[in-house]
Structures are given as C-alpha cells and as structure tokens.
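Participant: Every letter in the sequence shown is one number past the one before it in my numbering, and letter 69, counting from 1, is 69. Here a beta-carbon is modelled for each residue, glycine too, at the ideal position from N, C-alpha and C. As the structure is a computational prediction, the values presented were derived from the model and not from experiment. Quick one: the structure is below, and I'll ask about it shortly.
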Amino acid sequence: MAEDKKDVLRIHSYAAELRARNDRGAPGDLIENDPGPIARVPVVEKILDVCRANSLWPMTFGLACCAIEMMGLGMARFDIARYGSEVFRPSPRQSDLMIVAGTVNKKMAPVVMTLYEQMPSPKYVIAMGNCAISGGPFAVEENYNVIEGVDRLIPVDVYVPGCPPRPEALLEGILKLQEKITGVRHPFPQRKVSDAPN
Ligand code: SF4
Numbered sequence: 001m002a003e004d005k006k007d008v009l010r011i012h013s014y015a016a017e018l019r020a021r022n023d024r025g026a027p028g029d030l031i032e033n034d035p036g037p038i039a040r041v042p043v044v045e046k047i048l049d050v051c052r053a054n055s056l057w058p059m060t061f062g063l064a065c066c067a068i069e070m071m072g073l074g075m076a077r078f079d080i081a082r083y084g085s086e087v088f089r090p091s092p093r094q095s096d097l098m099i100v101a102g103t104v105n106k107k108m109a110p111v112v113m114t115l116y117e118q119m120p121s122p123k124y125v126i127a128m129g130n131c132a133i134s135g136g137p138f139a140v141e142e143n144y145n146v147i148e149g150v151d152r153l154i155p156v157d158v159y160v161p162g163c164p165p166r167p168e169a170l171l172e173g174i175l176k177l178q179e180k181i182t183g184v185r186h187p188f189p190q191r192k193v194s195d196a197p198n
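Next comes the structure, spelled out in structure tokens:
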C-alpha cells in the first residue's frame, strides 16, 4: 500500500533524478549528458563566482514558522542587504537561492521540486530550520505526511539548524554559502561592539 502511494506521488523517483543530475555536476540542467561550456577561463570563472556570491537573489518562498525569521533577516535590524542578498524575487526564474524555511510535507514536495527546477543554474539551496533538515518536531512515527529532510528531494548546499534559527544564524548560512561558492571566507568589515560610540 505504501509503495502504491509512492508511485502515485512520484516524488521519490523524480527526487532521485534531481540528485543524480546534481552529482553529475549539472544541477537543474534538462539536457542529458550536457558537455558544458566550450571553453573555461579560470580567472573569469573566479570573478563570476565572486559576483554570484555577493549578489545571491533568494526566492520569496516560505513554508512555515521559520519563514518569519527569514523575513526578519530582510528588515533593518539584521539588514541582509549588507551582503548583497536582499533582492527577494517573486519568481523562481529570477532567483538563484532557495531558502527552504519550514516544514516540507508530501503535498508541498512536488511544488518545492518544481520551483527548484524552474530556477536557472547555477542555483543554491539552504535548508533552514530543523523541519527542513530532518522533519524537526514533526518527524514522529504517527506523522505520515512530512518529508524528513528536504535533501531527500533536492540537493542542499548549507544547513542552518534551529527551531527556529535566529536571523543571525541564517545570515551565517548565507556567508557559508558565499564561502562555498568562492572558496574563501570574505572578511566583511564589521564594526565591533568595542568600536561603537558610547
Ligand atoms: S523548525 Fe521549528 S520554527 Fe522552523 S518550521 Fe519547523 S517547527 Fe517551525
């Protein structure tokens, strides 16, 4: 019976295909056996990576309570604009970062995968909060409807634990993603508390 449900939802085979495509190094590429660019110029790629890392455009997309903290990150107190990621886009076609903020249930799983597919490459995913990472407090035997980790559906680059994680934690996740893209941790100038005027 459980196997029948899997077939009806077709989540598992589709998710496996998405992950396999990512492992081949062409995430989201619909063309099988894509040979990639004709020429690669390492110095140009490095410059592009720095540009990508400092202008991540997240999708306007939230699933549950963690999304409130994600919204908080866009407000003046935390000011995600300092790191170039304030441009939350209303369309996956204009986004290169999906922040999965909240519980992923089986009804939403095909939607999450479709949105991921509609994002242009290169694209990145942050799993925000315990629900997105592992099902969180809903990963119990009696609950039949929760996906226990969004990485069962789509490739995840950075995990931000917490229930919910504070906006600073998500900010650290974005810095980690920037580090992953460029290979270096950018020493952003930050005013220390001791430097603040009295
Ligand atoms: S991790 Fe906690 S705060 Fe985040 S969506 Fe799940 S229950 Fe809500």
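For residue 63, is the beta carbon positioned less than 8 Å from some heavy atom of the ligand SF4?
Facilitator: Along the sequence shown, read from residue 1 onward, the residue named residue 63 stands at position 63. Checking every heavy atom of the ligand SF4 against the Cβ of residue 63, one is found closer than 8 Å.
Participant: Using the Cβ count rule (16 or more neighbours within 10 Å means buried), how would you classify residue 181?
Facilitator: Locating residue 181 in the sequence shown gives position 181, counting from the first residue. Looking at its Cβ environment, which holds 16 or more other Cβ atoms inside 10 Å, residue 181 is buried.
Participant: Give the straight-line distance between the Cα atoms of residue 166 and residue 69, rounded to the nearest whole angstrom.
Facilitator: Mapped onto the sequence shown, residue 166 falls at position 166. Mapped onto the sequence shown, residue 69 falls at position 69. Between residue 166 and residue 69, the C-alpha separation is close to 6 Å.
Participant: CB-CB under 7 Å to residue 186, same chain, minus the five flanking residues each way: which ones, in chain order?
Facilitator: Residue 186 sits at position 186 when you count from the first residue of the sequence shown. Answer for residue 186: 178, listed in chain order.
Participant: Which residues mark the beginning and the end of the alpha helix (DSSP H) in which residue 44 is found?
Facilitator: Taking the sequence shown and counting its residues from 1, the one referred to as residue 44 is at position 44. 42-53 is the span of the alpha helix (DSSP H), which, as asked, contains residue 44.
Participant: Beta-carbon within less than 8 Å of residue 55's beta-carbon, same chain only, minus the 5 sequence neighbours each way: which residues are those?
Facilitator: Locating residue 55 in the sequence shown gives position 55, where the first residue counts as 1. The residues are 84, 85, 87.
Participant: Go to residue 124, then tell me how far its beta strand (DSSP E) extends in each direction, as first and last residue.
Facilitator: The residue given as residue 124 occupies position 124 in the sequence shown. First-last of the beta strand (DSSP E) with residue 124: 124-128.
Participant: Does the beta-carbon of residue 151 have 16 or more other beta-carbons within 10 angstroms, so that it is buried, or is it exposed?
Facilitator: Counting from one through the sequence shown, the residue named residue 151 turns up at place 151. By the neighbour-count rule (16 or more Cβ atoms within 10 Å), residue 151 is buried.
Participant: Which residues bound the alpha helix (DSSP H) around residue 111?
Facilitator: As a working note, residue 111 is residue 111 in the sequence shown. Residues 109-118.
Participant: Can you tell me which of the three DSSP states residue 161 falls into?
Facilitator: What you label residue 161 is simply residue 161 of the sequence shown in a count that begins at 1. Residue state, collapsed to three classes: coil.
Participant: Taking only heavy atoms of the ligand SF4 into account, decide whether any of them is closer than 8 Å to the Cβ of residue 132.
Facilitator: Along the sequence shown, one-based indexing puts residue 132 at 132. For the ligand SF4, at least one heavy atom lies less than 8 Å from the Cβ of residue 132.
Participant: With 16 other CB atoms within 10 Å as the buried threshold, where does residue 127 fall?
Facilitator: By 1-based counting over the sequence shown, the position of residue 127 is 127. When all chains shown are included, residue 127 counts as buried.
Participant: Which residues share a DSSP beta bridge with residue 82?
Facilitator: Numbered from its first residue, the sequence shown carries residue 82 at position 82. In DSSP, residue 82 forms no bridge with anything.
Participant: According to DSSP, simplified to helix, strand and coil, what is residue 92?
Facilitator: Against the sequence shown, residue 92 aligns to sequence position 92. DSSP places residue 92 in helix when its eight states are reduced to three.
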